[in-house]
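Written out below as structure tokens is the structure these notes cover.
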Amino acid sequence: MRHLVVALTSALMLAGCASQSVYAPAHRGDLGYRETRIEKNRWRVSFTGGADLPAPRVADLALRRAAEVTLDGGYDWFEVVHDSRDRRGRGDSPVRGGVSVGQSFGSGGFRASGVGVGLSFSPGSERRETVTLEVLGGAGPRPRRVNVYDAREVLDNVPPL
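Written out as structure tokens, the structure reads:
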């Protein structure tokens, strides 16, 4: 029983190792945002969130970063001219655990029982979602198209983490 308690406690502690999303610059494959200036008024912006963020929130944070880049570039609005999504991994945590209990009966009254505990640790297997936007910045009155956003309004309505 003591071994079971130790194993379960270890599994719970390792489950806390799952990456938490941050709204900050990403470094070498980490969670967070990135941007690349392509032309004077064109950027590629991406935000990568972990398993703790639902996909719509990841998309909102990519829009927020696009709004920040737009205003930093001296523009008022931006148009999303291309977007893509990439989902990697499958779980909420890099740690998986399981417990099994078994009992068997044999002839002559023979009986056996056992408890098994299994743990697997797969770093990098937790779910990550990346939304990438290619945006054009513009100044003056905002065009009334569905994929054009007022940068200040986006910042007012989409809070960071």
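Taking the working numbering, the leading residue of the sequence shown gets 270, the next gets one more, and so forth.
Yeah, the Cβ is synthetic: ideal placement off N, Cα and C, and Gly gets one too.
Original post:
Per DSSP, what kind of secondary structure is D425 in: helix, strand or coil?
Top reply: helix
**OP:** For P294, write down the residues that DSSP places opposite it in a beta bridge.
**Re:** Y302
**OP:** Identify whether L330 lies in helix, strand or coil by the three-state DSSP scheme.
**Re:** helix
Subject >> Spatial neighbours of R333 in its chain, beta-carbon cut-off 7 Å, leaving aside the 5 residues before and after >> reply: V423, L424, V427, P429
Original post:
Since Y344 sits in a beta bridge, which residues does DSSP pair it with?
Top reply: DSSP output for Y344 lists no bridge partner at all.
Subject >> The beta strand (DSSP E) enclosing F379, as first and last residue numbers >> reply: No beta strand (DSSP E) holds F379; DSSP gives it neither H nor E.
Original post:
Are the CB atoms of D355 and T305 nearer to each other than 8 Å?
Top reply: Cβ distance not < 8 Å, so D355 and T305 don't count as in contact.
Original post:
What residues match up with R357 in a beta bridge as DSSP calls it?
Top reply: R397
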